[in-house]
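Residue numbers (this note's numbering): 9 to 307.
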């Protein structure tokens, strides 16, 4: 098996996250953090820093401080950035580079605050876009920025948004995931495959971090370890499938079959002919129909 550094160089971030789940070894924790960052999973990256602050600060202080502030400022977590600044200022001297980072943070916060205030959407603007807009650029900008706002300001509009039949289904899923991230504990309607589902977001698992997903990524990795292009395509198809089918969950009892199916579909897209049994072919074709039935998201 490749070591974790080699896996990281190959972009096997999901597998690294799976393999380092319970490790407290400094390099394992660092690569887990960097994998979350590489996947754009900022909240889990921040949680990794919080849960492993002592080991990261002891072994990789300069790197972790830089990453920590990049994540906080990127997500406009200004109050948390100020708290982190006080914490790091109280640490013993690390390096001149760290001193310069800490010295610059207050100005960076104020600059970003000023910029945000100049372009921030009011609650009324957000509501109008969620309820009425058909512009994918406009909808995407609002949906992907909502985590920076108080959920109570737009909760009712977002509830209506995820039942709209005239927006891309992936946008509805991203809207639902906002409720999932916020642990909304109430029954709400969600339009899926032409039908309204009644679901409780707090009871839904978050995608891409559950046990079945990690197992499936690991299986795909080992089945395609000698063909990186095939591997990357299979993992991309898996991620598309998860968003397209959410909140339906992967079946842990079908991991082997699904791994073979995603690899087979990846081979098909590359024009490779492989012999499949009926069960595998049917599973591969079913996955393909799900992915290809979802319209392309155009901006």
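Each residue gets a CB set at the ideal place from its N, CA and C atoms; glycine is no exception.
- Message: Please identify the residue among 183, 282, 296, 278 whose C-alpha is closest to the C-alpha of residue 266.
- Response: 296
- Is the segment 267-282 touching the segment 226-246, taking contact as three or more C-beta pairs under 8 Å? Under the three-pair Cβ rule at 8 Å, the segment 267-282 counts as touching the segment 226-246.
- Going along the chain, which unbroken runs of the alpha helix (DSSP H) with 4 or more residues stay wholly within the segment 245-287? Runs of the alpha helix (DSSP H) inside the segment 245-287: 263-277.
- Which residues share a DSSP beta bridge with residue 196? 207
- Complete runs of the beta strand (DSSP E) confined to the segment 97-147 [at least 3 residues]: none
- Local conformation of residue 305 per DSSP, three classes: coil
- Have a look at residue 63 and residue 263 and give me their C-alpha separation to the nearest angstrom. 34 Å
- For residue 137 and residue 61, the rounded distance between their alpha carbons: Our two residues, residue 61 and residue 137, have alpha carbons roughly 40 Å apart in a direct line.
- Which stretch, first to last residue, makes up the alpha helix (DSSP H) that contains residue 55? 50-59
- Would you please state the rounded distance, in angstroms, between the beta carbons of residue 33 and residue 229? I believe it to be under 8 Å. Not really, about 21 Å apart at Cβ, beyond 8 Å.
- Check the C-beta distance from residue 174 over to residue 153 and give it rounded, since I have them as a contact under 8 Å. Not quite, the Cβ-Cβ distance comes to about 21 Å (not below 8 Å), so this is no contact.
- Task: Would you please state the rounded distance, in angstroms, between the beta carbons of residue 196 and residue 167? I believe it to be under 8 Å.
- Result: Indeed, because the Cβ distance is near 5 Å, the residues count as touching under 8 Å.
- Message: Here's a check: name, in chain order, each residue in its chain whose Cβ is nearer than 7 Å to the Cβ of residue 24, leaving out the five neighbours to either side.
- Response: 12, 15, 16, 39, 40, 43
- Task: Measure the C-alpha to C-alpha separation of residue 92 and residue 54 and round it to an integer number of angstroms.
- Result: Taking the straight line joining both Cα atoms gives about 11 Å.
- With residue 164 as the anchor, note down where its alpha helix (DSSP H) starts and where it stops. 163-169
- Task: Taking only the alpha-carbon atoms, compute the straight-line gap between residue 210 and residue 192 and give it to the nearest angstrom.
- Result: For residue 210 and residue 192, the distance between alpha carbons rounds to 5 Å.
- Task: Put residue 213 into one of helix, strand or coil per three-state DSSP.
- Result: coil
- Message: On the CB-based measure, 16 or more other CB atoms within 10 Å of its CB, does residue 268 come out buried or exposed?
- Response: buried
- Item | Cβ-based neighbour list, residue 58, same chain, cut-off 6 Å, excluding 5 preceding and 5 following | none
- Message: With a threshold of 7 Å on Cβ separation, who are the neighbours of residue 283 within its own chain once the five nearest residues in sequence on each side are excluded?
- Response: none
- Reducing DSSP to helix, strand and coil, say where residue 181 ends up. helix
- Item | Counted within 10 angstroms of its Cβ, other Cβ atoms place residue 101 as buried (16 or more) or exposed | Burial call: exposed.
- Hey, could you find the ends of the alpha helix (DSSP H) residue 176 is sitting in? That residue, residue 176, is in no alpha helix (DSSP H); it is neither H nor E in DSSP.
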